[in-house]
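One structure is given here, and the rest of the page talks about it.
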């Protein structure tokens with residue numbers, strides 16, 4: 634069973650601060666996805682990373698896939714209250730899109 | 269609007285009740301999924317349907333019974349549930365179930381409380 638460990642579990646920061654959350658595993662993934670889930674909503678896909686060492690930017694969010702495709706990080710610059718939510722990473726292990734292993738998530742609160 | 273709608277959004281049921289969760293996707297996708305999201309546990313895949321055929325059943329207890337009458341609709345029939353089954357049940361869809369990296373679109377979820 635592939636496991637994805639996300640850290641920290643909880644993070645509370647002031648508006649304007651920078652932060653990084655991590656997603657680690659001992660398994661190799663063919664691709665890795667990051668989702669954000671806001672309270673009362675379902676997860677929404679933010680990005681998919683496929684190549685080891687890949688870096689993708691989405692406005693103030695920077696995603697990196699580890700060289701060995703076992704880990705990933707999400708860095709947020711100048712966090713805003715709208716960034717509040719649960720950040721989930723999910724690794725793809727097989728050919729099927731349903732073969733995703735999810736982490737437990739990092740719950741981020743950005744205080745105005 | 270995610271294109272995947274779930275009803276009801278909230279459900280409270282007794283352990284002897286029978287109820288159903290409904291999911292409809294408006295995206296023209298061929299694959300649909302049920303996930304369970306509990307506190308302190310990762311998202312758990314329960315069932316996968318591709319073109320109305322079940323392709324995955326992750327050892328889910330028989331008190332959960334899925335039904336996929338067509339590629340746009342998915343149901344989860346519930347009977348004699350236990351309090352530990354209380355969770356957020358998420359429906360999702362994707363273009364197909366076989367292509368790695370396909371985007372999975374989630375509904376808003378149905379909050380289930382078993383009393």
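Residue numbers (the working numbering), protein chains in the order written: chain A, 634 to 745; chain B, 269 to 383. From the three backbone atoms N, C-alpha and C, an ideal C-beta is built for every residue, glycine too.
Practice problem: Could you tell me which residues DSSP pairs with residue 724(A) in its beta bridges? | Solution: 665(A), 734(A)
Practice problem: Give, in chain order, every residue of the region 354-367 of chain B whose Cβ lies closer than 9 Å to some Cβ of chain A. | Solution: 356, 358, 359, 360, 362, 363, 364, 365, 366, 367
Quiz item: Going along the region 310-321 of chain B in order, which residues come within less than 9 Å of chain A, judged by CB to CB distance?
Solution: 310, 311, 312, 313, 316, 318
Practice problem: Return the chain-ordered list of same chain residues with a C-beta closer than 6 Å to the C-beta of residue 719(A), the five sequence neighbours on each side being excluded. | Solution: 670, 738, 740
Quiz item: By the criterion of Cβ-Cβ separation under 9 Å, what are the contact partners of residue 374(B) in chain A?
Solution: 668, 670, 674, 675, 676, 677, 678
Quiz item: So, does the CB of residue 735(A) fall closer than 8 Å to a CB anywhere in chain C?
Solution: In the structure shown, chain C cannot be found, because the protein chains are A and B.
Exercise. Could you name the residues of chain A that residue 324(B) contacts, counting a contact when the two beta carbons are closer than 7 Å?
Key: 731
Practice problem: For residue 371(B), return the contacting residues in chain A, with the cut-off set at a CB-CB distance below 9 Å. | Solution: 666, 678, 681, 730
Quiz item: Should the region 292-299 of chain B be called in touch with the region 703-713 of chain A, which here means at least 3 C-beta pairs below 8 Å?
Solution: no
Practice problem: Please list, in chain order, all residues of the same chain as residue 638(A) whose beta carbon is under 6 Å from its beta carbon, the five residues on each side excluded. | Solution: 657
Quiz item: What number of angstroms, rounded off, separates the C-alpha of residue 276(B) from the C-alpha of residue 701(A)?
Solution: 43 Å
Quiz prompt | CA nearest to the CA of residue 649(A), picked from 713(A), 727(A), 732(A), 688(A) | solution = 713(A)
Quiz item: For residue 337(B), which of helix, strand or coil comes out of DSSP?
Solution: strand
Quiz prompt | residue 307(B) classed as buried or exposed, judged by whether at least 16 other C-beta atoms fall within 10 angstroms | solution = exposed
Practice problem: Using the Cα positions of residue 373(B) and residue 383(B), report the straight-line distance between them to the nearest angstrom. | Solution: 30 Å
Exercise. Could you say which of 273(B), 284(B), 291(B), 278(B) lies nearest to residue 331(B) if we only look at CA atoms?
Key: 284(B)
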